[in-house]
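Enquirer: Sending over a structure as structure tokens; questions will come in a sec.
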Amino acid sequence: MSPVLAGVLQLLALLVALGLSYRPLGDHMARVYSSEKHLRVEKWIYKGIGADPSVEMRWPAYLRGVLAFSAVSLLFLYLLQRVQGSLPGSLGFVSIDPDQAFNTAASFVANTNWQSYYGEQAMGHVVQTGGLAVQNFLSAAVGIAVAVALVRGFARSRTGELGNFWADLVRGVVRILLPISVIGALVLVACGAIQNFAGIHEVGQFTGGTQQWNGGAVASQEVIKELGTNGGGYFNANSAHPFENPNGLSNLFEIYLILVIPFALTRTFGRMVGSLRQGYAILGTMATIWLGFTALMMWTEFAHHGPAFDLAGGAMEGKETRFGIAGSSIFAVATTLTSTGAVNSFHSSYTGFGGGITMLGMQLGEIAPGGVGSGLYGMLIMAIIAVFIAGLMVGRTPEYLGKKIGTREIKFAACYILITPALVLGFTAVAMALDTPSQSMTNSGAHGFSEILYAYTSGANNNGSAFAGLNADTQWFNTTIGIAMLLGRFLPMVFVLALAGSLAEQKPVPETAGTLRTEKPLFTGLLVGTILIVTGLTYFPALALGPLAEGLAA
Numbered sequence: 021m022s023p024v025l026a027g028v029l030q031l032l033a034l035l036v037a038l039g040l041s042y043r044p045l046g047d048h049m050a051r052v053y054s055s056e057k058h059l060r061v062e063k064w065i066y067k068g069i070g071a072d073p074s075v076e077m078r079w080p081a082y083l084r085g086v087l088a089f090s091a092v093s094l095l096f097l098y099l100l101q102r103v104q105g106s107l108p109g110s111l112g113f114v115s116i117d118p119d120q121a122f123n124t125a126a127s128f129v130a131n132t133n134w135q136s137y138y139g140e141q142a143m144g145h146v147v148q149t150g151g152l153a154v155q156n157f158l159s160a161a162v163g164i165a166v167a168v169a170l171v172r173g174f175a176r177s178r179t180g181e182l183g184n185f186w187a188d189l190v191r192g193v194v195r196i197l198l199p200i201s202v203i204g205a206l207v208l209v210a211c212g213a214i215q216n217f218a219g220i221h222e223v224g225q226f227t228g229g230t231q232q233w234n235g236g237a238v239a240s241q242e243v244i245k246e247l248g249t250n251g252g253g254y255f256n257a258n259s260a261h262p263f264e265n266p267n268g269l270s271n272l273f274e275i276y277l278i279l280v281i282p283f284a285l286t287r288t289f290g291r292m293v294g295s296l297r298q299g300y301a302i303l304g305t306m307a308t309i310w311l312g313f314t315a316l317m318m319w320t321e322f323a324h325h326g327p328a329f330d331l332a333g334g335a336m337e338g339k340e341t342r343f344g345i346a347g348s349s350i351f352a353v354a355t356t357l358t359s360t361g362a363v364n365s366f367h368s369s370y371t372g373f374g375g376g377i378t379m380l381g382m383q384l385g386e387i388a389p390g391g392v393g394s395g396l397y398g399m400l401i402m403a404i405i406a407v408f409i410a411g412l413m414v415g416r417t418p419e420y421l422g423k424k425i426g427t428r429e430i431k432f433a434a435c436y437i438l439i440t441p442a443l444v445l446g447f448t449a450v451a452m453a454l455d456t457p458s459q460s461m462t463n464s465g466a467h468g469f470s471e472i473l474y475a476y477t478s479g480a481n482n483n484g485s486a487f488a489g490l491n492a493d494t495q496w497f498n499t500t501i502g503i504a505m506l507l508g509r510f511l512p513m514v515f516v517l518a519l520a521g522s523l524a525e526q527k528p529v530p531e532t533a534g535t536l537r538t539e540k541p542l543f544t545g546l547l548v549g550t551i552l553i554v555t556g557l558t559y560f561p562a563l564a565l566g567p568l569a570e571g572l573a574a
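Count the sequence shown with our numbering and you get residues 21 to 574, in order.
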């Protein structure tokens with residue numbers, strides 16, 4: 021079987037699995053966030069944290085809950101790393117330095133999971149399992165909660181109430197993320213991923229001696245890292261490591277985990293607003309971009325030339341032979357079009373255009389299908405921009421899902437789409453202008469510029485993957501990328517929740533003959549075009565200096 025055909029079959033199998041999961045999972049999540057009943061374990065949690073799940077919140081109160089919970093999580097994870105050397109199960113590792121502890125805490129709380137350290141050489145069992153893995157659940161649940169709050173803003177009228185943050189957070193963990201993770205961890209263990217609390221031991225005979233490895237609860241952390249679109253690996257090699265991702269089957273399953281909730285949330289959206297066709301329109305937009313990027317990536321990486329490429333079967337540098345070009349390409353697109361950041365190959369070794377595709381996927385806002393929750397609310401923001409543009413073209417007041425998109429709403433949407441580019445381009449410009457940050461580049465020229473552009477793109481978009489050629493474990497990068505991650509995560513949430521509150525206060529606008537039919541394929545095409553033009557062209561000058569220049573010079 022040719023590698024190209026094998027890649028197409030993998031993609032088809034993935035589509036079938038996602039299609040079979042779409043309806044049951046999407047409907048289940050809609051029931052979870054619409055139910056008025058509370059499970060017994062949930063009641064215990066509410067009692068323990070002193071929350072009343074029956075109290076409805078307006079958007080400022082909902083936002084305060086998000087920020088307060090995230091601030092406590094940030095502080096807890098920071099302190100846990102700082103005292104690691106005194107904790108049992110630390111495997112003899114010392115406490116983490118302040119700048120790296122801040123960077124890591126910001127990274128995992130912000131659902132970014134950027135890592136500037138070697139996991140197996142820095143973090144013990146307590147920090148890995150009790151700190152990082154726990155935040156994988158919590159940060160993902162926060163993202164879903166904010167998305168659900170925005171959906172309620174569309175679904176409700178003449179009220180500013182968006183639900184209860186604490187109820188949404190707990191339900192997301194208890195009823196969605198935990199059950200799937202338990203099953204998923206068993207699948208990964210069956211595939212060969214490890215799950216233990218072993219200490220450091222020597223394995224194998226290598227030239228000059230043996231190699232040291234430590235065990236860990238890898239499968240349970242791996243499943244939520246993908247399912248919650250987190251991305252932080254137990255080992256430095258991330259999902260390229262055989263303990264995390266043993267074979268082609270586990271690789272395909274991990275890609276499925278990355279995509280299943282973000283895609284299924286479009287059905288949850290349609291169910292909660294009372295129109296499944298609206299959910300299908302958003303799904304169609306996400307799927308069109310994802311499939312287009314996947315096809316382009318596979319073509320770019322398979323279009324090899326020269327004897328070395330022919331002997332290797334393609335652009336195999338930086339890729340695992342057990343996954344091949346197809347499995348690596350599908351994974352790379354899935355992880356950068358979502359806020360996952362896990363890698364099973366090293367994006368710095370991709371062709372010039374291939375590296376640019378991974379970068380552009382993040383720069384679009386990671387909305388196809390995006391992170392858990394963040395992908396949906398990011399796409400709905402772009403839908404508002406699209407109906408606003410359509411309204412300008414036909415001279416009508418823009419409407420979406422029966423809500424008028426006025427001056428206030430468009431200001432919130434505009435602020436949302438401007439925050440991340442300002443962070444990415446601003447920090448990149450400063451880093452390139454200073455001597456110390458630029459010394460961390462492994463390469464010079466266009467590829468070196470791409471390393472820094474990729475780092476801040478990954479951080480500010482809460483992705484977490486790296487180009488693998490940049491030494492980011494410095495005070496400058498640990499601090500600035502940490503700031504970019506926090507601002508890139510929580511500033512957009514301010515405008516999402518403010519927009520949700522504004523929409524919920526409106527009364528429905530009756531549909532007329534001139535109303536834009538946002539459930540039609542025409543709107544899907546308009547939305548795809550809006551995303552590529554409004555967000556893609558924002559980064560075009562920077563991309564021209566990096567991956568485009570490198571690709572054209574090859």
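Note that the Cβ used here is the ideal one computed from N, Cα and C, for glycine as well.
1. Please determine, among THR477, PRO118 and ASN234, the residue with the shortest C-alpha to C-alpha distance to GLY144.
2. Going by Cα to Cα distance, which pick from PHE217, ARG509, VAL162 and GLY489 is closest to ILE439?
3. Report, in whole angstroms, the separation of the C-beta atoms of ILE164 and GLY204, which I expect to be a contact under 8 Å.
4. Would you call the segment 363–378 and the segment 391–404 touching, i.e. three or more CB-CB distances under 8 Å?
5. Can you look up ASN234 in the DSSP assignment and give me helix, strand or coil?
6. Please name the residue or residues paired with GLU419 in a DSSP beta bridge.
7. By how many angstroms is the C-alpha of GLY381 removed from the C-alpha of ALA434?
8. Grouping DSSP H, G and I as helix and E and B as strand, with all else coil, what is HIS58?
9. Taking the continuous alpha helix (DSSP H) assigned at PHE373, which residues delimit it?
10. Considering just the uninterrupted stretch of the alpha helix (DSSP H) at TYR276, what are its terminal residues?
11. The alpha helix (DSSP H) spanning HIS467 covers which residue range?
12. How many Å lie between ARG43 and PRO561 at the Cα?
13. When the distance is taken between beta carbons, is THR358 closer than 7 Å to PRO282?
14. Rounded to a whole number of angstroms, what is the C-alpha to C-alpha distance between ASN133 and ALA410?
15. Between the alpha carbons of GLY39 and MET306, how many angstroms are there, rounded?
16. Mapping the DSSP letters down to three states, classify VAL529 as helix, strand or coil.
17. Quick one: Cα of GLU531 to Cα of ARG172, how far?
18. Give the DSSP bridge partners of LYS339, in chain order.
19. Could you spell out the range, first to last residue, of the alpha helix (DSSP H) harbouring GLN101?
20. In angstroms with no decimal places, state the Cα-to-Cα distance between ILE200 and VAL52.
21. Would you mind stating whether MET317 and SER349 have Cβ atoms separated by less than 7 Å?
22. Using the Cα positions of SER470 and LEU563, report the straight-line distance between them to the nearest angstrom.
23. Answer yes if the segment 46–66 comes into contact with the segment 478–489, meaning at least three C-beta pairs across the two stretches below 8 Å, and no otherwise.
24. Nearest-angstrom Cα distance between LYS424 and SER460?
25. Starting from the C-beta of PHE496, find all residues in its chain whose C-beta is less than 7 Å away, skip the five residues before and the five after it, and write them out in chain order.
26. Alpha carbon to alpha carbon, how far is THR355 from GLY376?
27. Quick check on the DSSP output: the alpha helix (DSSP H) that includes PRO199 runs from which residue to which?
28. Taking the C-alpha atoms as reference points, what is the distance between LEU517 and VAL293?
29. By a C-beta neighbour count over all protein chains shown, 10 Å radius and 16 as the cutoff for buried, is LEU232 buried or exposed?
30. Taking the alpha helix (DSSP H) that GLU386 falls in, what are its first and last residues?
31. Consult DSSP for ILE220 and reduce its assignment to one of helix, strand or coil.
32. Does DSSP classify THR321 as helix, strand or coil?
33. My assumption, with CB atoms under 8 Å, is that GLU338 sits in contact with TYR300. Please give the rounded CB distance.
34. Report the partner residues of LEU490 according to the DSSP bridge assignment.
Expert: So, from the data block:
1. By 1-based counting over the sequence shown, the position of residue 144 is 124. Among THR477, PRO118 and ASN234, the Cα nearest to that of GLY144 is on ASN234.
2. For this step, residue 439 is matched to residue 419 along the sequence shown. Considering only alpha carbons, the answer is ARG509.
3. For the purposes of this step, residue 164 is taken as the residue at position 144 of the sequence shown. For the purposes of this step, residue 204 is taken as the residue at position 184 of the sequence shown. Their Cβ separation, rounded to whole angstroms, is 17 Å, which puts ILE164 and GLY204 out of contact at 8 Å.
4. no
5. The sequence position of residue 234 within the sequence shown is 214, counting from 1. The DSSP-derived three-state label of ASN234 is strand.
6. Locating residue 419 in the sequence shown gives position 399, where the first residue counts as 1. Note: GLU419 sits in a beta bridge opposite LYS424.
7. The residue you call residue 434 lines up with position 414 of the sequence shown. The residue you call residue 381 lines up with position 361 of the sequence shown. Their backbone Cα atoms lie some 20 Å apart in a straight line.
8. By one-based count along the sequence shown, residue 58 stands at place 38. Correct three-state label for HIS58: coil.
9. For the purposes of this step, residue 373 is taken as residue 353 along the sequence shown, with counting starting at 1. It spans 372–383 - the alpha helix (DSSP H) in which PHE373 sits, taken as one unbroken run.
10. By one-based count along the sequence shown, residue 276 stands at place 256. Residues 268–293.
11. Walking along the sequence shown from the start, residue 467 turns up at place 447. Here the alpha helix (DSSP H) through HIS467 covers 465–480.
12. Reading the sequence shown from its first residue, position 23 is the one you call residue 43. Reading the sequence shown from its first residue, position 541 is the one you call residue 561. ARG43 and PRO561: Cα-Cα distance of roughly 41 Å.
13. Your numbering for residue 282 matches position 262 in the sequence shown. Your numbering for residue 358 matches position 338 in the sequence shown. For PRO282 and THR358, yes; Cβs fall inside 7 Å.
14. Counted from its first residue, the sequence shown places residue 133 at position 113. Counted from its first residue, the sequence shown places residue 410 at position 390. C-alpha separation (whole angstroms): 37 Å.
15. As a first step, residue 39 is located in the sequence shown; it is residue number 19 there, counting from the start. As a first step, residue 306 is located in the sequence shown; it is residue number 286 there, counting from the start. So the alpha carbons of these two residues sit roughly 14 Å apart.
16. Translated into positions along the sequence shown, residue 529 becomes position 509. Coil.
17. Along the sequence shown, read from residue 1 onward, the residue named residue 531 stands at position 511. Along the sequence shown, read from residue 1 onward, the residue named residue 172 stands at position 152. Distance between the alpha carbons of GLU531 and ARG172 is about 20 Å.
18. Residue 339 sits at position 319 when you count from the first residue of the sequence shown. Partner(s): SER365.
19. By 1-based counting over the sequence shown, the position of residue 101 is 81. Start and end: 79–102.
20. Counting from 1 along the sequence shown, the entry for residue 200 is found at position 180. Counting from 1 along the sequence shown, the entry for residue 52 is found at position 32. When rounded, the distance between both Cα atoms is 14 Å.
21. As a working note, residue 317 is residue 297 in the sequence shown. As a working note, residue 349 is residue 329 in the sequence shown. Taking 7 Å as the Cβ cut-off, MET317 and SER349 qualify as a contacting pair.
22. Taking the first residue of the sequence shown as position 1, residue 470 is located at position 450. Taking the first residue of the sequence shown as position 1, residue 563 is located at position 543. So the two alpha carbons sit approximately 8 Å from each other.
23. no
24. As a working mapping, residue 424 is identified with position 404 in the sequence shown. As a working mapping, residue 460 is identified with position 440 in the sequence shown. The alpha-carbon atoms of LYS424 and SER460 are separated by roughly 49 Å.
25. In the sequence shown, the residue the question calls residue 496 occupies position 476. The displayed chain sequence assigns Trp, not Phe, to residue 496. Closer than 7 Å at Cβ, skipping near neighbours: THR456 and PRO457.
26. Numbered from its first residue, the sequence shown carries residue 355 at position 335. Numbered from its first residue, the sequence shown carries residue 376 at position 356. Those two C-alpha atoms are separated by around 14 Å.
27. Stepping through the sequence shown from its first residue, residue 199 is reached at position 179. Unbroken alpha helix (DSSP H) run through PRO199: 198–211.
28. Taking the sequence shown and counting its residues from 1, the one referred to as residue 517 is at position 497. Taking the sequence shown and counting its residues from 1, the one referred to as residue 293 is at position 273. For LEU517 and VAL293, the gap between their C-alpha atoms comes out near 17 Å.
29. Here the question's residue 232 lines up with position 212 in the sequence shown. The question names Leu, but residue 232 is Gln in the sequence shown. Exposed, since its Cβ has fewer than 16 Cβ neighbours within 10 Å.
30. For this step, residue 386 is matched to residue 366 along the sequence shown. It is not in any alpha helix (DSSP H) - GLU386 carries neither H nor E in the DSSP assignment.
31. Stepping through the sequence shown from its first residue, residue 220 is reached at position 200. It is a strand residue.
32. Locating residue 321 in the sequence shown gives position 301, counting from the first residue. With the sequence shown as reference, residue 321 is identified as Glu, and Thr is not the correct amino acid for it. Helix at GLU321.
33. In the sequence shown, counting from the first residue as 1, residue 338 sits at position 318. In the sequence shown, counting from the first residue as 1, residue 300 sits at position 280. The sequence shown places Gly at residue 338, rather than the Glu named in the question. With a Cβ gap of about 37 Å, GLY338 and TYR300 do not count as contacting.
34. Here residue 490 refers to the residue found at position 470 of the sequence shown. Partner(s): MET461.
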